[in-house]
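Structure first, then comments.
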Amino acid sequence: MPELPEVEVVRRGLERWVAHRSVTDAEVLHPRAVRRHLAGPDDFTQRLKGRHIGTPSRRGKYLWLPLEESNESVLAHLGMSGQLLVQPHEAPDEKHLRVRIRFADALGTELRFVDQRTFGGLSLHDNTPEGLPDVIAHISRDPLDPLFDEDAFHRALRRKRTTIKRALLDQSLISGVGNIYADEALWRARIHYERPTAGFTRPRTADLLTHIRDVMNEALAVGGTSFDSLYVNVNGESGYFDRSLDAYGREGLPCRRCGTPIRRRPWMNRSSYFCPKCQRAPRAAS
DNA sequence: ACCACTACCTGCATGC
DNA sequence: TGCATGCAGGTAGTGG
């Protein structure tokens with residue numbers, strides 16, 4: 002379940018192992034993995050040949066490899082189970098290998114996109130004047146971006162007629178937050194996931210953002226969260242933050258603050274984990 | 001215009 | 001043992 006910290010770990014790996022290499026060949030083993038590339042798999046591979054990779058960038062859960070000497074990028078989204086791996090040529094193909102990219106140098110490694118559930122994918126796009134792939138122009142800056150507009154985020158919360166967890170997962174309001182870090186930040190801020198955003202005060206918004214940034218930075222420091230081993234860095238290694246989770250996946254276990262058993266509630270075809278004592282449900286709307 | 005819900009996909013755990 | 005069901009969940013598109 003790659004969210005911002007996990008994607009950033011991958012971005013850093015690509016910066017170290019893939020940046021400034023030139024592509025000799027790309028191979029699409031499953032067309033669904035490039036479905037966002039509307040011109041099709043053949044166009045994707047043809048246009049990648051001979052191109053030079055720049056410094057990888059990221060916004061929220063999206064990352065992209067700029068192609069030097071042009072205004073295009075290879076956009077990547079890991080979906081729920083996507084992996085970008087730097088592997089030796091001789092490593093056997095992974096069961097769910099979807100795309101392979103080979104390079105011109107003698108380093109002996111290739112870039113592989115592996116994705117069990119194929120919710121993620123790669124695609125090639127023109128950049129906006131800001132250097133962002135055009136198809137993700139609607140994605141908001143993320144809370145670790147120095148240019149994240151905290152005031153605009155607060156005003157958006159006040160304007161919306163929705164609840165806080167929905168808002169946190171709305172990538173056009175704030176990006177990079179998924180189900181795990183939403184539950185973790187709400188637990189830290191002692192806010193129930195169904196609290197309406199319209200009543201948020203400026204201090205409450207600021208406090209929640211501080212907790213979001215804290216939990217993400219702590220996860221980043223230990224290589225991200227690997228809840229079910231599907232998430233790995235470019236070298237195939239798992240992170241350790243799952244050991245530090247306070248709410249997510251802890252149904253029935255004591256809240257680390259007050260000892261009350263953590264509850265799980267079905268929510269939007271997934272789950273919300275929360276402490277029923279620390280995170281009081283809002284009064285039902287009349 | 002805004003908000004909420006669902007399809008998409010596969011592997012694993014669980015229940016009968 | 002084998003089959004069915006539920007669950008994991010980010011995003012874009014649809015329906016209200």
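If you're matching positions, the first sequence starts at 2 in our numbering and goes up one per residue. Note that CB positions come from ideal geometry on N, CA and C, so glycine has one too.
- Between the segment 151-166 and the segment 117-132, the count of Cβ pairs shorter than 8 Å is below three; the stretches do not touch.
- Around R257, the same chain offers D247 as residues with beta carbons nearer than 6 Å, after the five sequence neighbours per side are excluded.
- Counting only residues of its own chain and dropping the five nearest sequence neighbours on each side, L79 has a CB closer than 6 Å to the CB of P3 and G121.
- Residue pairing from DSSP leaves Q117 without any beta-bridge partner.
- DSSP places Q172 outside both helix and strand once states are collapsed to three, so it counts as coil.
- Per DSSP, reduced to three states, the secondary structure at S245 is helical.
- Per DSSP, the beta bridge partners of L86 are R113.
- Nearest neighbour of S176 by Cα position, chosen from F201, E95 and L64, turns out to be L64.
- Closest in alpha carbon position to L85, among A77, E91 and A92, is A77.
- Residue H212 holds the alpha-carbon nearest to the alpha-carbon of L187 among V136, Q117, H212 and A207.
- A20 carries a coil assignment under DSSP once its states are collapsed to helix, strand and coil.
- Under the Cβ criterion (8 Å, minimum of three pairs), the segment 26-33 counts as touching the segment 89-107.
- As computed with DSSP, Y274 is found in a beta bridge with R265.
- At a Cβ-Cβ threshold of 8 Å, S74 and D184 do not count as neighbours.
- Between R205 and D143, the CB-CB gap reaches or exceeds 8 Å.
- For R257, there is no enclosing beta strand (DSSP E), as DSSP marks it with neither H nor E.
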